[in-house]
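Working notes, structure below.
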Amino acid sequence: MLTGLSDTAKHLASWTRQAEGLKSKTSSLTGLMVPFLNLDRALSRIEPSVKRLDMIQDWWEQRRIDDLRGK
């Protein structure tokens, strides 16, 4: 049992780094999705879902273009 714990302990730092990286990626993804979810909710009262998806895709594309241009 002690040997198993000793072997596992060698990997803890690596596993911690991987977990922190995953947490960061998850937070980034969540942060990225929040504006789209809010936009979809705001549009849901006035537009059907297919039209909302098109509007969100247009907004996403414009944001990407603006980021590439440095705006």
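Each residue of the sequence shown is one higher than the one before, counting from 842 in this note's numbering. For glycine and all other residues, C-beta sits at the position ideal for the given N, C-alpha and C. All figures in this text were calculated on a predicted structure; none of them were measured in a lab.
Beta-carbon proximity check, residue i vs residue j, cutoff 8 Å
i           : j           : result
residue 884 : residue 874 : no
residue 880 : residue 900 : yes
Same chain only: Cβ atoms within 7 Å of residue i, ignoring 5 sequence neighbours per side
i           : result
residue 887 : none
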